[in-house]
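Read the structure below first, then the notes.
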Amino acid sequence: MSVLSASPVARASDSWSVGRRLSGAIRSLILTSIVLAVSGAAAIHSASAEIGVAYLPRQAVWVLLGIVVMAVSALLDYHFVLRLAVWLYAVGVVAVTLILIFGHEAGGARSWVGVAGLGGQPSDFAKLATVLLLTHFLGGVRLEMLELRHVAVSALIVGVPVGLIALQPDLGGAAMFGPILIGIVFVAGVRARLVVGGAAIVLLLGGALFFFGMKDYQRERILSFVSPQHDPLGAGYQIRQSKIAVGSGAVLGKGYMQGTQSQLRFLPARHTDFVFAVVAEESGFLGVAFILGLYGVWMASGLRIALRARDRQGLLLAAGLLSAIAAHVLYNTGMVIGLVPVTGIPLPFLSYGGSFTLFCFAATGLLIGIDRRRYVNRARAR
575 MSVLSASPVA RASDSWSVGR RLSGAIRSLI LTSIVLAVSG AAAIHSASAE IGVAYLPRQA
635 VWVLLGIVVM AVSALLDYHF VLRLAVWLYA VGVVAVTLIL IFGHEAGGAR SWVGVAGLGG
695 QPSDFAKLAT VLLLTHFLGG VRLEMLELRH VAVSALIVGV PVGLIALQPD LGGAAMFGPI
755 LIGIVFVAGV RARLVVGGAA IVLLLGGALF FFGMKDYQRE RILSFVSPQH DPLGAGYQIR
815 QSKIAVGSGA VLGKGYMQGT QSQLRFLPAR HTDFVFAVVA EESGFLGVAF ILGLYGVWMA
875 SGLRIALRAR DRQGLLLAAG LLSAIAAHVL YNTGMVIGLV PVTGIPLPFL SYGGSFTLFC
935 FAATGLLIGI DRRRYVNRAR AR
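Using this note's numbering, read the sequence shown as starting at 575 and increasing by one per residue.
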């Protein structure tokens, strides 16, 4: 019986029985994901304790749900999941479309939906569905058969959710689809000059969007990034407070729940997009090095899984997931220290938020599943 002809339940059972031997990469992914999530929950509690909002219990619920999602994603055969990619993508596009009408507005963008005190962004589901559909599409094209039309279709797959998300307008969330496209098409074997050319077109379109499509508050964020003194008490206030928090942490930090910028509420969005600044202020350089080290281990483990994937689809899926997580880590940490403009990009596993937490754990589970399938395929070949 082939891998693709077996039922999802049978494949999950095989993966459980044969894949009991967890590789070092899998153990590292599980451990780093949980430690990062616990560290994030602690930072969220520190950042929100003074305002009396129960962010910690809510985040704990999302983390527990995320661990369940990770386990289910790891047990399912990713080939089966990829066969559902078109339907999942359609659901994601519909959800992002509906959020334009029924979504809650936060931070100037209508991108949130809330139920029973718990909220999330459908764009995170659309992001995962886009990774799956790109993998499904390009994974079925042999390397020697890749042509410009495949790149164009890939760009269209990404362009639909990006356009809808940009209309919210959540330009930061829309921009995070770019690294996914670049990562997958590059690993798929598309010529580097086509990738570079496509990236240049995106930059040109981004420049045009800056002048013609941005809201006033978004334009102010860009101007404050270019010139920090442009509006120090307005658009530039957040990044100034973030830099103060990061710098004041020094080597050892001020201690848990002892940060002045976070505890005295000078730092906005401290439990969400700027939770990394809370970590830096309270635990200093050592805490920052610890968190970045965990991300490094997570990425290295995922890269190891990608390089030894049993098939092209596994490689491309891993490339897309790694590109998504890496882009969020790089942009968020760069934003906190003032290297890139401020926008609503959360930090994987650490930032408060339900849908993105589930996305991160789902990505981890799919990576684990890619590695576990090596053992299942090997056992069936005997």
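Note that beta-carbon positions come from the ideal geometry of N, C-alpha and C, so glycine has one too.
Bear in mind that the values here come from a model prediction, so they are computed numbers and not experimental data.
Residue i and residue j closer than 7 Å at C-beta
| i | j | result |
| --- | --- | --- |
| ALA854 | VAL825 | no |
| ILE739 | LEU708 | no |
| GLY746 | ARG886 | no |
| PRO922 | CYS934 | yes |
| SER602 | SER875 | yes |
| HIS845 | TYR905 | no |
| SER816 | ALA851 | yes |
| ALA893 | VAL725 | no |
| ILE813 | GLY694 | no |
| ALA937 | VAL643 | no |
| ARG878 | ALA599 | yes |
| TYR629 | SER622 | yes |
| GLY833 | GLY861 | no |
| ALA648 | GLY943 | yes |
| ALA634 | LEU662 | no |
| PRO753 | ALA616 | no |
Neighbour-count burial assignment, residue i, 16 or more Cβ in a 10 Å radius
| i | result |
| --- | --- |
| ILE731 | buried |
| SER576 | Because SER576 carries a pLDDT of 43, less than 50, the predicted location of this residue cannot be relied on, and the following value inherits that uncertainty. Exposed. |
| THR907 | buried |
| GLN835 | buried |
| GLU721 | exposed |
| PHE751 | buried |
| PRO696 | buried |
| PRO631 | exposed |
| GLY928 | buried |
| LEU868 | buried |
| SER591 | At SER591, the pLDDT of 48 sits below 50, so the modelled position is not reliable; the number obtained from the coordinates is stated separately. SER591 is exposed by the Cβ-count criterion. |
| ILE673 | buried |
| VAL668 | exposed |
| GLY542 | Outside the shown range of the chain (575 to 956) lies residue 542, about which nothing can therefore be said. |
| ALA566 | Given that the chain is displayed from residue 575 to residue 956, the structure contains no residue 566 and the question cannot be resolved. |
| LEU841 | buried |
| GLY614 | buried |
| GLY737 | exposed |
| VAL916 | buried |
| VAL968 | No answer is possible for residue 968: the residues shown for the chain start at 575 and end at 956. |
| LEU656 | buried |
| LEU889 | buried |
Residues of its chain near residue i, where Cβ-Cβ distance is below 6 Å and the 5 sequence neighbours each way are ignored
| i | result |
| --- | --- |
| ALA700 | GLY666, VAL670 and PRO735 |
| THR931 | TRP636 and GLY640 |
| ALA659 | LEU706, LEU707 and HIS710 |
| PHE859 | VAL825 |
| GLY939 | MET644, SER647 and ALA648 |
| ALA749 | none |
| ARG765 | none |
Opening and closing residue of the alpha helix (DSSP H) in which residue i lies
| i | result |
| --- | --- |
| LEU630 | 629-649 |
| GLN887 | 886-910 |
| PRO743 | First-last for PRO743: undefined, no H or E at that position. |
| THR709 | 696-713 |
| PHE923 | Segment: none, PHE923 is in no alpha helix (DSSP H) and carries neither H nor E. |
| PRO753 | 751-762 |
| THR606 | 598-622 |
| ILE673 | 659-676 |
is_contact[residue i, chain D] using C-beta, thresh 7 Å
| i | result |
| --- | --- |
| LEU866 | Absence of chain D from the displayed structure is noted, only one protein chain being present. |
Nonlocal neighbours in the same chain, by C-beta distance under 7 Å from residue i, ignoring five residues either side
| i | result |
| --- | --- |
| VAL910 | SER816, VAL820, PHE848, PHE850 and ALA851 |
| SER579 | Only weak support is given to the placement of SER579: the predicted model assigns it a pLDDT of 46, under 50, and the value that follows is read from those uncertain coordinates. Excluding sequence neighbours, SER579 sits near nothing in its chain. |
| GLN837 | GLU624 and MET831 |
| LEU941 | LEU603, GLY876, ILE879, ALA892 and LEU895 |
| LEU717 | GLY763 |
Contacts around residue i, its chain only, beta-carbon distance under 8 Å, and the 5 residues preceding and following it disregarded
| i | result |
| --- | --- |
| LEU610 | ILE865, LEU868, TYR869, TRP872, PRO922, PHE923 and LEU924 |
| ARG839 | GLU624 and ILE625 |
| SER728 | LEU708, PHE711, LEU712, LEU755, ILE758 and VAL759 |
| ALA955 | The predicted position of ALA955 is uncertain, since its pLDDT is 40 and thus under 50; no value can be drawn from it. |
| GLU856 | ALA617, SER620, GLY823, GLY827, LYS828, GLY829, TYR830, MET831, GLN832, GLY833 and SER836 |
| VAL583 | With a pLDDT of 47 at VAL583, under the threshold of 50, the predicted position of this residue should be treated as unreliable, though the coordinate-derived value follows. If we look at VAL583 and ignore the five residues flanking it on each side, it has no Cβ neighbours. |
| LEU741 | LEU674 |
Give the list of continuous alpha helix (DSSP H) stretches no shorter than 4 residues that lie fully inside the stretch 803-872. 811-822 and 834-837
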